[in-house]
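**Q**
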Amino acid sequence: MIVYSEITAIKKKIKSLKKDLSIGLVPTMGALHQGHLSLIKQAVLENDVVVVSVFVNPTQFDKKEDLDNYPNTLENDLSLLESVNCDIVFTPNPKEIYGNNIISENFDFDGLEFQMEGKFRKGHFNGVGTIVKRLFEIITPTNAYFGEKDFQQLQIIKKLVEKFNLQVNIIPCEIFRESDGLAMSSRNVRLTEKHRLAAPFIYKTLLNAKELFGTKNVEEVIKWVENEFKNHPLLELEYFEIADEKTLNPIKKVISGQKYRAFIAVFAGEIRLIDNISL
Ligand code: AMP
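Numbering (our numbering), first residue to last: 4 to 282.
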């Protein structure tokens, strides 16, 4: 495994490989866990060379304290990456990516960016679009892997590829969960013990909502979920939405033949957790 932090060096390496080899890219912000590793293992199976980027992208954080508190576990990340046969790691610093001007590009993602996370994290998807586009330019991957854990992000990356006509296949990967159902996240290590014990309630509620979706109308399902959290002493609901998978528009009524997903964001103390489920 080779670790690069400079763009010119990794570009040179990629150029020498790209002639006859497929390249899989897995963008991450580090603090790696089994959820990340599931993406990387899939990339290893499907590509000749796998590049994992580890970069805590400042422009996608709407709150400075969230950026400042983001876990940094590079040494452990590198040994995990080695253990799953990652070939190349890219760990640039912010200056390498942004120079002296740490700002995002402005994107039009046809409205996907204004739903859910976009409402609560201003500028978040401009930051995501900026870093992913930049990584695609540097690594020129054949395939790039994104988790359904961040389903809205996945749809936005697909839109980015379509809008800029980028030559890369976007591969969605299923949500990887703890044995109690909590979606794995780098933020989980920051949960207090009591919030960690409470957090599986989020996925349980999603499973129940999925079951109710077959028997009740959309409004009733939403009301039911909101009520579940009103009665919860430790978890505070930020949003629960049922939306069309492709447009991410919230729905009022079910139309047959369309695919829907339920999306949720919850505060467990200071820590914000997101999850979603296909309905
Ligand atoms: P992050 O480091 O949080 O930016 O995540 C890097 C990539 O890993 C993103 O594509 C995430 O959607 C994905 N990812 C994070 N957690 C999970 C999980 N529990 N299951 C599947 N993919 C995940």
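Using N, Cα and C, we set each Cβ at its ideal position, and we do this for glycine too. Fair warning: this is a prediction, and the values are worked out from it, not measured in the lab.
Enumerated in chain order, which unbroken segments of the alpha helix (DSSP H) with a length of 4 residues or greater are wholly contained in the segment 7-31?
**A** 10-21
**Q** Pairs of beta-carbons, one from the segment 171-185 and one from the segment 146-156, closer than 8 Å: are there three or more?
**A** yes
**Q** How many Å lie between Ser107 and Glu140 at the Cα?
**A** 16 Å
**Q** Would a C-beta distance cut-off of 8 Å place Pro74 and Val192 closer than the cut-off?
**A** yes
**Q** Give the secondary structure of Tyr101 by DSSP, where H, G and I count as helix, E and B as strand, and everything else as coil.
**A** Here Tyr101 carries a helix assignment [DSSP, helix/strand/coil].
**Q** To the nearest angstrom, report how far apart Val57 and Thr218 are at their CA atoms.
**A** Their backbone Cα atoms lie some 44 Å apart in a straight line.
**Q** Can you grab the Cα-Cα spacing for the pair Gln63 / Asp51, in whole Å?
**A** 30 Å
**Q** Considering only the alpha carbon of each residue, which of Ser19, Gln37, Gln261, Leu48 lies closest to Leu185?
**A** Gln37
**Q** Please classify Pro144 as buried or exposed, where buried requires at least 16 neighbouring CB atoms within 10 angstroms.
**A** buried
**Q** Using the rule of at least 16 other Cβ atoms within 10 Å of the residue's Cβ for burial, across every protein chain shown, is Lys162 buried or exposed?
**A** buried
**Q** I need the DSSP call for Ile267, collapsed to helix, strand or coil.
**A** strand
**Q** Going by beta-carbon coordinates alone, are Glu99 and Ile10 separated by less than 8 Å?
**A** yes
**Q** Please identify the residue among Asn79, Ile245, Thr133, Glu229 whose C-alpha is closest to the C-alpha of Ile105.
**A** Thr133
**Q** Quick check: the Cα distance between Ile159 and Ile267, rounded to an integer number of angstroms?
**A** 17 Å
**Q** Going by C-alpha to C-alpha distance, which of Ile258, Leu237, Lys207 sits closest to Ile280?
**A** Lys207
**Q** Three or more C-beta pairs under 8 Å: does that hold for the segment 244-260 against the segment 194-208?
**A** no
**Q** Arg199 lies in the alpha helix (DSSP H); which residues open and close that run?
**A** 196-201
**Q** Does DSSP classify Asn109 as helix, strand or coil?
**A** coil
**Q** How is the alpha helix (DSSP H) around Val135 delimited, first residue to last?
**A** 127-142
**Q** Does the beta-carbon of Gly260, which I'm using as the reference point, lie nearer than 7 Å to any heavy atom of the ligand AMP?
**A** Distances taken from the Cβ of Gly260 to the heavy atoms of the ligand AMP include none shorter than 7 Å.
**Q** Quick one: is Pro236 buried, meaning 16 or more other Cβ sit within 10 Å of its Cβ, or exposed?
**A** Its Cβ having fewer than 16 others within 10 Å, Pro236 is exposed.
**Q** At a threshold of 7 Å, does Met187 count as lining the ligand AMP (C-beta to nearest heavy atom)?
**A** yes
**Q** Sort Lys233, Asn79, Val6 by Cα distance to Leu35 and report the nearest one.
**A** Looking at the Cα atoms, Asn79 is the closest of the given residues.
**Q** In whole angstroms, what separates the C-alpha of Gly33 from that of Asn88?
**A** 16 Å
**Q** Using the beta-carbon count (16 or more within 10 Å), is Asp183 buried or exposed?
**A** By the neighbour-count criterion, in which a residue is buried when 16 or more other Cβ atoms sit within 10 angstroms of its Cβ, Asp183 is exposed.
**Q** Can you give the Cα-Cα distance for Gln45 and Ser82, rounded to whole angstroms?
**A** 18 Å
**Q** Below 7 Å CB to CB, which residues in the same chain sit around Lys14 once its five sequence neighbours on both sides are set aside?
**A** Ile141
**Q** Per DSSP, what kind of secondary structure is Ala3 in: helix, strand or coil?
**A** The structure shown does not extend to residue 3, since the chain spans only 4 to 282, so no value can be given for it.
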